[in-house]
Amino acid sequence: MSVDPVQEAAQWLAGLTAAEKPSPIIPELRRRFGLSALEACRVTAAAGKMTTAPEAKL
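Numbering (our numbering), first residue to last: 2 to 59.
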């Protein structure tokens, strides 16, 4: 069972503070996780959902 690189990258990105997040993020995700541009964009969307989901329950 292999780890989905998009999910792995999203978890990594969601765990960073704003100060820790590299800029620009898309090239960093592509380099660090070997993603396509589309996959890197999906990572940012998934990470955003991970970080806002708990707050939505309030």
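We put the CB at the ideal spot given by N, CA and C, even for glycine.
Using 7 Å as the threshold, is the C-beta distance between residue i and residue j below it?
| i | j | result |
| --- | --- | --- |
| residue 39 | residue 30 | no |
| residue 48 | residue 11 | yes |
Might you give, ordered along the chain, the residues of its own chain that have their beta carbon closer than 7 Å to the beta carbon of residue i, omitting 5 neighbours on each side?
| i | result |
| --- | --- |
| residue 43 | 7 |
| residue 41 | 27, 30 and 31 |
Kindly indicate the opening and closing residues of the alpha helix (DSSP H) around residue i.
| i | result |
| --- | --- |
| residue 9 | 6 to 15 |
| residue 107 | The structure shown has nothing for residue 107, since the chain only spans 2 to 59. |
Apart from the five residues just before and just after residue i, which ones in its own chain have a Cβ nearer than 8 Å to its Cβ?
| i | result |
| --- | --- |
| residue 1 | The question about residue 1 has no answer here: the residues shown for the chain are numbered 2 through 59. |
| residue 57 | Its pLDDT being 49, under 50, residue 57 is placed unreliably in this model, and the value from its coordinates should be taken loosely. Here the set comprises nothing. |
In chain order, what residues of the same chain lie with their CB nearer than 6 Å to the CB of residue i, ignoring the 5 residues before and after it?
| i | result |
| --- | --- |
| residue 51 | 15 |
| residue 34 | 6 and 10 |
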